[in-house]
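Quick note on numbering that gives the first Met the number 0: the sequence shown kicks off at 0 and runs consecutively.
Think of the CB as a built atom: it goes at the ideal place given N, C-alpha and C, for glycine as much as any other residue.
What you are looking at is a predicted structure, and each value in this text was computed from that prediction instead of being measured.
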Amino acid sequence: MAQKFHVTTFGCQMNVHDSERMRGMLASLGYEEASERGEADLILFNTCSIRESADSRFIAHLGEAKRLKGEDPQRIVGVGGCWAQSVKEEVFERFPFVDVAFGPGQIHKLAEFLNSDSISAQGYFEFEDFSGHLPTRREREFQGWLQISQGCNCACSYCIVPSTRGREVSRDPGELIAEAEALAADGVREVTLLGQNVNSYGRDLPPAGRIGFSELLRRVDAIEGIDRIRYTSPHPKDMKEDVIRVHAELPALCEQIHLPLQSGSSAVLKRMRRTYDRERYMDRVALIREHVPDCAITTDIIVGFPGETERDFEETLEVAEEVGYDGAFTFLFSPRRETEAATMEGQLPHPVKVERLQRLVEVVQRRAAERAQRFVGRTMEVLVEGTSRTDETRLRGRTRHGKAVNFDGVAEAGELVGVEIESATSQTLGGVAVKPLASLL
Ligand code: SAH
Ligand code: SF4
Ligand code: F3S
């Protein structure tokens with residue numbers, strides 16, 4: 000009987016994609032996926048360490064793996080991803096039942112470990128390879144990731160990612176286009192370009208044949224069968240006019256830009272080492288509004304950064320009010336090991352952070368709800384993802400703006416339909432499917 004594996008994924012889309020690579024690689028080794036952890040011979044965790052809450056979520060799951068390993072010592076427990084990379088060999092000291100640990104760039108080493116007859120615990124933490132060439136197992140047939148770079152050359156003072164994912168390395172454009180073409184040929188109609196800082200793509204490539212991010216978008220857009228292109232995450236400092244302009248030009252490129260603000264206070268941004276200030280950020284927003292007036296803008300914001308004063312925080316509220324985000328991820332600052340901000344003076348008490356977060360969420364949600372009203376009465380293109388999570392009689396999908404829609408109608412997952420929007424909240428739209436999309440265009 001085939002060996003079975005189970006993988007639990009924490010963290011960002013990059014990790015979701017890395018887990019797809021793990022699945023693909025394990026399938027090629029003859030493993031089958033178990034539906035529950037208890038049925039697996041190989042129990043894997045793909046971890047995140049972006050905030051303390053990510054660490055504790057994962058560690059809570061490890062208890063069950065320990066118990067299962069106790070029941071059957073033949074089981075293999077593997078820990079991959081950013082948390083593993085950030086603690087390295089310490090994994091084995093803290094959790095002696097773990098057999099193999101590997102960083103985000105070392106997924107292929109898992110195969111090496113499984114093929115060896117090593118019985119001692121192994122850790123793989125070099126930054127060397129790309130998992131780009133590994134086979135993948137996509138979660139949805141019609142949606143695919145394209146990892147365009149790995150690592151991050153920024154030095155945001157709060158962030159653990161540069162130390163877990165290493166320096167930025169862009170993939171060869173030819174290889175990327177070939178991969179995107181293969182995805183399209185395999186039924187993918189929505190592709191999301193992935194990187195820690197996607198719009199710095201290409202700077203590290205050799206001059207011959209080097210292209211930048213907007214040119215890469217152009218080339219993906221030209222691929223037959225790709226109806227939608229998204230990307231995450233860009234950095235405001237690299238959000239140049241050419242990238243904003245292609246949003247207006249390329250038919251497949253979606254009307255959504257994620258523009259992580261982090262803070263509205265220039266003084267805080269400086270200590271965060273974000274390399275832009277409030278004015279420069281607002282200038283990017285103005286440029287987006289000028290070229291792509293209907294574009295959805297989403298963001299990430301951290302509250303309670305060390306030394307953040309009430310006035311600094313009010314500046315964040317002002318920016319949130321002024322921009323009117325279509326959606327925002329809001330976080331409490333969490334000190335991360337070996338980052339500069341973890342030991343900065345002026346760490347704020349937890350209740351202060353929580354109180355600020357609540358005030359911010361109030362503004363973000365109110366503005367997002369207001370912004371969403373512009374869709375009511377319009378017929379929007381929706382990519383159907385399946386049945387609604389809250390009501391089985393309805394369907395669920397996403398607009399090009401990235402808004403989730405619950406709607407009445409008959410359609411298959413993976414289809415593009417027109418949905419007339421009847422209601423809108425900060426998070427979701429509601430509506431009813433109208434004639435086949437082709438007749439609307
Ligand atoms: N490279 C991407 C994603 C980084 S992680 C980018 O720069 O946009 C996603 C978000 O987590 C960040 O944008 C930031 O808002 C948040 N984050 C990162 N480190 C954090 C920390 N130490 N505490 C709280 N939030 C953090
Ligand atoms: Fe972290 Fe900043 Fe790099 Fe994003 S850009 S991954 S926040 S260091
Ligand atoms: Fe987490 Fe690593 Fe992503 S720390 S957010 S899994 S890059």
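Query                                                                                                         : Result
Rounded C-alpha distance that separates L145 from T191                                                        : 6 Å
Cβ contact (3+ pairs, closer than 8 Å) linking the segment 39-47 and the segment 55-72                        : yes
Rounded straight-line distance, which links the Cα of L359 to that of E309                                    : 12 Å
Residue(s) in a DSSP beta bridge with S148                                                                    : S169
K65 - containing beta strand (DSSP E), residue span                                                           : Taken as a continuous stretch (DSSP letters only), K65 belongs to no beta strand (DSSP E), being part of the alpha helix (DSSP H) at 51-70.
For K108, the three-state DSSP class (helix, strand or coil)                                                  : helix
Length of the line joining the Cα atoms of V409 and T398                                                      : 17 Å
Those residues which DSSP pairs with I75 across a bridge                                                      : L41
Length of the line joining the Cα atoms of G122 and P334                                                      : 25 Å
R20 versus G80, C47, R50, residue with shortest Cα-Cα distance                                                : G80
Three-pair Cβ contact test at 8 Å for the segment 253-272 versus the segment 203-221                          : no
Other residues of its chain near D325: CB distance less than 8 Å, five sequence neighbours each side excluded : Q255, A295, I296, T297, A367, R370, A371, H400, G401, K402
Sub-9 Å separation of H257 and P233 beta-carbons                                                              : yes
Near the ligand SF4: P47 beta-carbon under 8 Å from a heavy atom                                              : The question names Pro, yet the displayed sequence has Cys at residue 47. Because no heavy atom of the ligand SF4 lies under 8 Å away, the Cβ of C47 does not count as near it: no.
Run of the alpha helix (DSSP H) containing K352, from where it starts to where it stops                       : 349-371
Which of helix, strand or coil DSSP assigns to E125                                                           : coil
Cα-Cα separation between R395 and G385, rounded to whole angstroms                                            : 6 Å
N114, buried or exposed, once every other Cβ within 10 Å from all chains shown has been counted against 16    : exposed
Buried versus exposed, by CB contacts within 10 Å (16 or more), H246                                          : buried
Boundaries (first-last residue) of the alpha helix (DSSP H) holding T315                                      : 309-322
The ligand F3S heavy atom lying under 8 Å from the CB of F9                                                   : yes
Neighbourhood of the ligand SF4 [Cβ distance below 6 Å to any heavy atom], ordered by chain position          : C151, C153, C155, C158, V160, P161, Q195, N196, H234
Environment of G77 [buried if 16+ CB atoms lie within 10 Å]                                                   : buried
Assigned secondary structure, S262 (DSSP; H/G/I helix, E/B strand, else coil)                                 : coil
W82: CB within 8 Å of a non-hydrogen atom of the ligand F3S                                                   : yes
Touch test, the segment 185-204 against the segment 144-162, Cβ-Cβ under 8 Å, three pairs minimum             : yes
Residue of V416, F124, R279, I49 minimising C-alpha distance to E240                                          : R279
Beta-carbon spacing of V187, F141 below 9 Å                                                                   : yes
Closest by C-alpha distance to V381, when choosing among R393, V404, V375                                     : V404
Residue(s) in a DSSP beta bridge with Q142                                                                    : E189
Buried versus exposed call for R229 [16 or more other C-beta atoms within 10 Å across all chains shown]       : buried
Assigned secondary structure, T163 (DSSP; H/G/I helix, E/B strand, else coil)                                 : helix
Same chain only: Cβ atoms within 6 Å of A154, ignoring 5 sequence neighbours per side                         : R272
Any beta strand (DSSP E) of 3 or more consecutive residues that is wholly inside the segment 368-428          : 378-386, 394-398, 403-407, 415-423
Simplified DSSP assignment, three categories, for G23                                                         : helix
CB contact flag (A340, F332, <9 Å)                                                                            : yes
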